[in-house]
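Colleague: Using UniProt numbering, read the sequence shown as starting at 1 and increasing by one per residue.
Dropping the structure in here first, questions after.
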Amino acid sequence: MYQNQFISIEKNFRPEIEGLRIVAALLVAIYHIWFGRVSGGVDVFFVISGFLITTSIISKVNKNGYLSPSIYFGNLLKRLLPGVLTVLFFVSIFSFFILPRNILMKTSKEIFASLFYFENIQLAFSNTNYLDSEQMKTPVEHFWAMSIQGQFYIVWFLIFTLIVYLCHKIEIKNGFKLTNTILLLLFIISFTFSIYQTHVNQPFAYFNPLARVWQFALGGLLCLNLNKLKISSLLSNVLGWLGLIGLILTGALFDVSKMFPGYISLWPMLCATFILISGNHPSKFGVEKLLASKLLVFLGSISFGIYLWHWVILSFYKYKISDTPSFFSGIIIILFSIILSWLMTQFIEKPIRHSKIFPTKKLLYPFIANILLIVGLLSVYFISSLSTSHDDIPNNKFPGALAYNTSQNSNATAQSITNVKDDKSQAYTDGVMIYQGSQVKPKSYGDTQNYKKTILLVGGSHSSHWLGALQSFASDEHIRIIHLGKANARFSTDNEDALSTAWMKNVNQYIKKNSSTIDMVFTTANVSDVNSKEVPKGFIEEFKFVESLDIPIFAVRDTPRLKVNPIEEYEKNKTWTYDVSQILNDSSWKSDQLQKTAYYDYTKYFAPNHEFKAVRGNIFVYFDSQHITDSYSRSLGPIIKDDVIKELNKTK
1 MYQNQFISIE KNFRPEIEGL RIVAALLVAI YHIWFGRVSG GVDVFFVISG FLITTSIISK
61 VNKNGYLSPS IYFGNLLKRL LPGVLTVLFF VSIFSFFILP RNILMKTSKE IFASLFYFEN
121 IQLAFSNTNY LDSEQMKTPV EHFWAMSIQG QFYIVWFLIF TLIVYLCHKI EIKNGFKLTN
181 TILLLLFIIS FTFSIYQTHV NQPFAYFNPL ARVWQFALGG LLCLNLNKLK ISSLLSNVLG
241 WLGLIGLILT GALFDVSKMF PGYISLWPML CATFILISGN HPSKFGVEKL LASKLLVFLG
301 SISFGIYLWH WVILSFYKYK ISDTPSFFSG IIIILFSIIL SWLMTQFIEK PIRHSKIFPT
361 KKLLYPFIAN ILLIVGLLSV YFISSLSTSH DDIPNNKFPG ALAYNTSQNS NATAQSITNV
421 KDDKSQAYTD GVMIYQGSQV KPKSYGDTQN YKKTILLVGG SHSSHWLGAL QSFASDEHIR
481 IIHLGKANAR FSTDNEDALS TAWMKNVNQY IKKNSSTIDM VFTTANVSDV NSKEVPKGFI
541 EEFKFVESLD IPIFAVRDTP RLKVNPIEEY EKNKTWTYDV SQILNDSSWK SDQLQKTAYY
601 DYTKYFAPNH EFKAVRGNIF VYFDSQHITD SYSRSLGPII KDDVIKELNK TK
């Protein structure tokens, strides 16, 4: 035990922090409900969490001389698990009755991930995948923030255990300098990494705990140094109100979901910092007067539950009632979240939090029930996933694209609706569709032994989903298909992110090196977008590069990119259709600047007369809002076969 304090800090109740928490929680809810954007409120939560847990840890070390893992984690579990388990328990039940079947599997996985605090990792390796970009979200997706917070608590325990050990080992009487140095180093390293990864792969960085440590570290640094800051009342007032106004405007000024957690996220974090600094210097006109009001302090005490419940209610509302809540509906969602949060706090969280034994039966029973429900959800998925394989689809009953302009449709479909989103090309199951990184992973399909011609299928996901069509006849025609694909990339000199740009450089090196063995390149010709008025310049430049190597190109018109998920719409209404006339009315999807590029348009097989249906020829056309199922792609094989053979026969 320390003769002096480990670190001298003041542990006082800061009512304005409760007010700041509810402001952050309401901003998250408001931007989710009415604007479909991210507010920056979660970043504020991380700073506050870093501030509070650092204060708590230091106070315990000051009192006991060490950090007890049983007490530390026991208190955390009492404070966090009751609310988490309650929400997940109800989500598990209501998901069966409200969610579309095709989202149940994804939801069950995320419930499991949320329960064990790795939802952010689950999302980093699945939801940030470009192929899932248009999928409706699960009711527990917001648990990513809770997962990062839980991971942070473990890291903070290990760090402070190390600091206390070092202080004992080298007989440091006051741990302030050592702790400050370590937290500052963590801040700098994580902040630098966050900037880098946000630049090269922002979606992954958004859920990466390593890119978020600096946000918690800032809270820890504030805990250590806040009382050392001496400022005037005037400056305190200005900082506080600027912080509150700046925080409220964050979501309007920045596209948080695409720019965070890089340096731009300093904005809401500094806003929170200004408020904490101002609150430490109270004055008559300070922002703490508002934030410390009885109403905001009360709401702040249940803000954790409000954050947990609002997204759940909003998700169920979107699935069951409307995708765009009205102003009145949004108010009801927020009020309902407040009521549920208060009930959960009063009758579940508080009794468990103040109990002397952990876990209690009140916690244990919901936990067991939740596990059983999770297992049940996963079982439904695994059973349904065995229902049908595209290799077993009889062509006469499930003609797919071959039923073009016919009425050959019935209620029977080749794929189960619960696993249609997994009906992707073999490139995905083989792990050669690149998500992270810029490496090139060539993989051969079709006739890989006695081939007479070689097709390079290259590009993003909109090129890769044609693999099934080519595979359907490649072996019989002695064609080798080499697949090179990266999600969210384009076969273009102009890509939207650094990793895709680097990947394309590697692709070009591969093509140049193997040009003598490539008979034809198969890729997407354009980007189907209502705002696209001409073929992107980057496509033309890339095509010219390929032509300069004396390689012809088979360029297919891009498939229509919808604004909704047809699988979910089909489950609501079997006769659902989508008008794609605005998407396909652009005649400038091909260029006249190219000499060895053959353009082909097969979009009529997706939307005859510009009418897109979720199911054609008893096969689901897309597995999300824009990507062809492998089953439907294979049904396109007989349609594109003659064109492909014709162009191949022109080659050297």
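Beta carbons: idealized from backbone N, C-alpha and C, even for Gly.
Which term fits Lys505, buried or exposed, when burial requires 16 or more other beta carbons within 10 angstroms of its beta carbon?
Modeller: So Lys505 counts as exposed.
Colleague: Taking Cβ to Cβ, would you say Thr559 is nearer than 8 angstroms to His462?
Modeller: Contact flag set, yes.
Colleague: Compare the beta carbon distance of Gly305 and Thr345 with 8 angstroms and say whether it is the shorter of the two.
Modeller: Contact: yes.
Colleague: Report the rounded CA-to-CA distance for Val91 versus Tyr31, giving the unit in angstroms.
Modeller: Those two C-alpha atoms are separated by around 22 angstroms.
Colleague: Per DSSP, Met269 is paired with what?
Modeller: BP columns for Met269 are empty, so no partner.
Colleague: Please classify Ser588: is it buried, with 16 or more other beta-carbons within 10 angstroms of its beta-carbon, or exposed?
Modeller: Per the 10 Å Cβ criterion, exposed.
Colleague: What number of angstroms, rounded off, separates the C-alpha of Phe545 from the C-alpha of Gln595?
Modeller: Rounded to whole angstroms, Phe545 to Gln595 spans 12 angstroms at the Cα level.
Colleague: Do three or more CB pairs link the stretch 207-221 to the stretch 49-68 at distances below 8 angstroms?
Modeller: Enough Cβ pairs lie closer than 8 angstroms, so yes.
Colleague: Taking 8 angstroms as the threshold, find out whether the stretch 272-289 comes into contact with the stretch 221-237 through three or more Cβ pairs.
Modeller: With a cut-off of 8 angstroms, the stretch 221-237 and the stretch 272-289 count as touching, because enough Cβ pairs lie within range.
Colleague: To the nearest angstrom, report how far apart Asn129 and Ser114 are at their CA atoms.
Modeller: Note that Asn129 has pLDDT 43, beneath the 50 cutoff, so the model's placement of it is unreliable and the number below is only indicative. Computed Cα separation, rounded: 19 angstroms.
Colleague: For Thr360, which of helix, strand or coil comes out of DSSP?
Modeller: Note that Thr360 scores a pLDDT of 48, beneath 50, so its modelled location is shaky; the value from the coordinates is reported in the next line. It is coil, neither helix nor strand.
Colleague: Tell whether a beta-carbon distance below 8 angstroms holds between Thr55 and Lys106.
Modeller: Contact flag unset, no.
Colleague: Have a look at the DSSP bridge pairing and note the partners of Lys443.
Modeller: Answer is His483.
Colleague: Distance cutoff 8 angstroms, beta carbons only. Does Gln595 sit that close to anything in chain B?
Modeller: This model lacks chain B altogether, as it is built from one protein chain only.
Colleague: Grouping DSSP H, G and I as helix and E and B as strand, with all else coil, what is Leu239?
Modeller: Leu239 falls in the helix class under three-state DSSP.
Colleague: Give every residue of the same chain whose Cβ lies closer than 6 angstroms to the Cβ of Gly460, excluding the five residues on either side of it in the sequence, and list them in chain order.
Modeller: Counting only Cβ-Cβ distances below 6 angstroms, and skipping sequence neighbours, we find Ala489 and Arg490.
Colleague: Tell me whether the beta-carbon of Val432 lies closer than 8 angstroms to the beta-carbon of Ser257.
Modeller: In this structure, Ser257 does not lie closer than 8 angstroms to Val432 by Cβ.
Colleague: Indicate whether Leu67 and Lys78 have their beta-carbon atoms separated by less than 8 angstroms.
Modeller: Not closer than 8 angstroms, so no.
Colleague: The beta strand (DSSP E) that contains Gly459, what's its start and end?
Modeller: Counting along the chain, the beta strand (DSSP E) containing Gly459 begins and ends at Lys453 to Gly459.
Colleague: Taking the alpha-carbon of Arg561 as reference, which of Ile540, Phe543 and Phe612 has the nearest alpha-carbon?
Modeller: Comparing Cα-Cα distances from Arg561 to each of Ile540, Phe543 and Phe612, the minimum goes to Phe612.
Colleague: What three-state label does DSSP hand Ala498 in the structure shown?
Modeller: In this structure, Ala498 counts as helix in the three-state DSSP scheme.
Colleague: Might you give, ordered along the chain, the residues of its own chain that have their beta carbon closer than 6 angstroms to the beta carbon of Glu569, omitting 5 neighbours on each side?
Modeller: Correct list, in chain order: Trp576.
Colleague: Can at least three beta-carbon pairs, one atom from the stretch 626-633 and one from the stretch 421-428, be found at a separation below 8 angstroms?
Modeller: With a cut-off of 8 angstroms, the stretch 421-428 and the stretch 626-633 count as touching, because enough Cβ pairs lie within range.
Colleague: Would you give the residue range spanned by the alpha helix (DSSP H) that Val546 belongs to?
Modeller: Its alpha helix (DSSP H) spans residues Lys537 to Ser548.
Colleague: Which residue's Cα is closest to the Cα of Val644: Arg616, Gly617, Pro608 and Tyr602?
Modeller: The option with the nearest alpha carbon to Val644 is Tyr602.
Colleague: Go to Val556, then tell me how far its beta strand (DSSP E) extends in each direction, as first and last residue.
Modeller: Ile553 to Val556 is the span of the beta strand (DSSP E), which, as asked, contains Val556.
Colleague: Hey, out of Lys574, Lys177, Asp592 and Val213, whose CA is closest to Ala525's CA?
Modeller: When only C-alpha atoms are compared, the closest one is Asp592.
Colleague: Which value, in whole angstroms, describes the spacing of the CA atoms of Thr597 and Thr501?
Modeller: Cα to Cα, the separation comes out at about 23 angstroms.
Colleague: Pick helix, strand or coil for Arg79, following the three-state DSSP scheme.
Modeller: Helix.
Colleague: Taking only the alpha-carbon atoms, compute the straight-line gap between Leu162 and Ile7 and give it to the nearest angstrom.
Modeller: Computed Cα separation, rounded: 15 angstroms.
Colleague: Find the nearest neighbour of Phe13 within the set Arg480, Leu253, Thr250 and Glu288, judged by alpha-carbon distance.
Modeller: Nearest C-alpha to Phe13: Glu288.
Colleague: DSSP three-state call for Tyr130: helix, strand or coil?
Modeller: With a pLDDT of 34 at Tyr130, under the threshold of 50, the predicted position of this residue should be treated as unreliable, though the coordinate-derived value follows. It is helical.
Colleague: Do Lys421 and Phe623 have their beta-carbon atoms positioned less than 8 angstroms apart in this structure?
Modeller: Yes, they are a contact pair.
Colleague: Please report how far the alpha carbon of Val580 lies from the alpha carbon of Ala607, in whole angstroms.
Modeller: For Val580 and Ala607, the distance between alpha carbons rounds to 7 angstroms.
Colleague: Counting C-beta neighbours from all protein chains within 10 Å, is the total for Asn618 16 or more, i.e. buried, or is it exposed?
Modeller: The residue is buried, with at least 16 neighbouring Cβ atoms inside 10 Å.
Colleague: Would you kindly work out how many angstroms separate the C-alpha atoms of Leu470 and Ala555, rounded to a whole number?
Modeller: Between Leu470 and Ala555, the C-alpha separation is close to 14 angstroms.
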